[in-house]
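Chemist: Numbered by the numbering used here, the letters in the sequence shown go through residues 213 to 557 in order.
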Amino acid sequence: MKPLTELLRPNIRHLEPYSCARNDYSGRAARVFLDANENPYNSPLNRYPDPLQVDLKKVIARIKGVKEEQICLGNGSDETIDLAYRCFCQPGVDNVVAIEPTYGMYKVCAAINDIEYRPVTLNNRFDIEADRILETCDEHTKLIWICTPNNPTGNDLNHDEIEKILDTFQGIVVVDEAYSDFTHRRAFRYELSDHPNMIVLNTMSKAWALAGVRLGMAFASKEIIDVFNKVKYPYNINILTQKEAFKAFENAMEVSKWVSTIILERNRMMEAFKMLPSCKQVFHSDANFFLARMTDADHIYRYLVNEGIIVRNRSKVTLCRDCLRITVGAKSENNELLSALRVLE
Ligand SMILES: *Cc1c(COP(=O)(O)O)cnc(C)c1O
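If you want it as structure tokens, here you go:
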């Protein structure tokens, strides 16, 4: 890995961050807060939230097996995706390399930040090949985007190939583990100390069932997290979100039950899809969704919309011709989808 200062966007290297009122005051038994132009009424929502979410990070550190100083929280992991661009990539100069197909936000954020986006198509088993990723990089490649288990293909990518990229690439490798709760593979966030150039993304939107709350997280070395904290909006995680996250983490047992149920349902659905005349192929999944190649995805998609059932049409995506991406729902929802497809020719 190159020295971090060399990888950072030049203006970020020297950034003097906003100093908020609550940063200046450090602990002790303060009783009267007249520092932040808050309104004294309507407690507790009248107060600004903790800009570094210290209490919440203590809980996250314990649950995720990382250190508090290795965590940056975002308004969804989408915010941390954008942060990576704003910290490392110089508009009009730098580029990033990503697998294809994958999660669409990496490309959208590249476009917003005026960064060249270099997609590298997965092989025909939807897997990653380190050499092809590495040979697409040049001296202006700052980030490599990897998503495992991958969206929309659903499969866990080859961890040895990812390790090879982490060990060889001189820039930053972002590993998006939005779906890692659904796979048996060991998560990359446990390998942070082996890979100073790795950023791992997690989200509360999938296994934790809090998509509406908007809480995502980046795990990385303290040096990288310190930069993220300087660049993010000071009060990016509001009090209501922090409160709901605390509640969810007290409920971790329930979450592992949800995950088991969803995996059982996913396997049942995948077997059922294999029997459908309208389905040609079901791809392996390590996530809470699966990809299915249909006889005519556009036609089936429109038919399902008419029936009030919405799936994701991925038929225009690289390697995904005629594919629908099916999110695993509750048993009754899944059965509705199956019944609708069974009456189709
Ligand atoms: C759903 C998803 C996310 C979650 O984004 P949030 O902003 O946290 O809701 C992140 N990455 C991938 C690959 C996803 O599929």
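In this text, a Cβ means the ideal position worked out from N, Cα and C, and glycines have one as well.
Nothing here was measured: the structure is a model prediction, and the numbers come from that model.
Here's a check: name, in chain order, each residue in its chain whose Cβ is nearer than 7 Å to the Cβ of A484, leaving out the five neighbours to either side.
Modeler: L550
Chemist: Can you check DSSP and say which residues form a bridge with V425?
Modeler: Bridge partners of V425: none, in fact.
Chemist: Using the beta carbon as the reference atom, which residues fall closer than 5 Å to any heavy atom of ligand 1, ordered along the chain?
Modeler: G288, S289, D290, Y315, C359, N363, D388, A390, T415, S417, G428
Chemist: List the whole-angstrom C-beta distance separating M213 from N409, where the pair is believed to meet the contact cut-off of C-beta under 8 Å.
Modeler: 4 Å
Chemist: Could you name each continuous alpha helix (DSSP H) segment of 4 residues or more that falls completely within the segment 263-299, going from the start of the chain to the end?
Modeler: 266-276
Chemist: Among the residues of its own chain, which have a CB less than 6 Å from the CB of R526, if the five just before and after it don't count?
Modeler: Around R526: P364, C532, C535, R537.
Chemist: Since C535 sits in a beta bridge, which residues does DSSP pair it with?
Modeler: R505
Chemist: Under the three-state reduction of DSSP, which class applies to L369: helix, strand or coil?
Modeler: Residue state, collapsed to three classes: coil.
Chemist: Can you tell which of A457, S405, H407 has the C-alpha that lies nearest to the C-alpha of G428?
Modeler: A457
Chemist: Excluding five sequence neighbours on each side, which residues of the same chain lie with their C-beta closer than 7 Å to the C-beta of T353?
Modeler: N307, V308, V309, G383
Chemist: Can you give me the Cβ contacts of N441 inside the same chain, cut-off strictly under 7 Å, excluding the 5 residues immediately before and after it?
Modeler: Here the set comprises L264, C284.
Chemist: For the segment 386-393 against the segment 256-275, are there 3 or more C-beta pairs whose distance is under 8 Å?
Modeler: no
Chemist: Which value, in whole angstroms, describes the spacing of the CA atoms of F245 and P261?
Modeler: F245 and P261 have their alpha carbons spaced roughly 13 Å apart.
Chemist: In this structure, does DSSP put L413 in helix, strand or coil?
Modeler: strand
Chemist: For F431, which residues does DSSP report across the bridge?
Modeler: I283, V412
Chemist: For R397, I'd like the list of residues in its chain whose CB is within less than 6 Å of its CB, leaving aside the five on either flank, ordered along the chain.
Modeler: D368
Chemist: Does DSSP put T353 in a helix, a strand or coil?
Modeler: strand
Chemist: Which runs of the beta strand (DSSP E) at least 3 residues long sit entirely within the segment 428-505? Give them in chain order.
Modeler: 428-431, 491-494
Chemist: Measuring alpha carbon to alpha carbon, tell me which of S405, V425, S417 ends up nearest S433.
Modeler: Of the candidates S405, V425, S417, the one whose C-alpha sits nearest the C-alpha of S433 is S405.
Chemist: Beta-carbon separation of I374 and A296 under 8 Å?
Modeler: no
Chemist: By alpha-carbon positions, which one of R344, D498, K444 ends up nearest to S289?
Modeler: The shortest C-alpha separation from S289 is found at K444.
Chemist: Can you tell me which of the three DSSP states D388 falls into?
Modeler: strand
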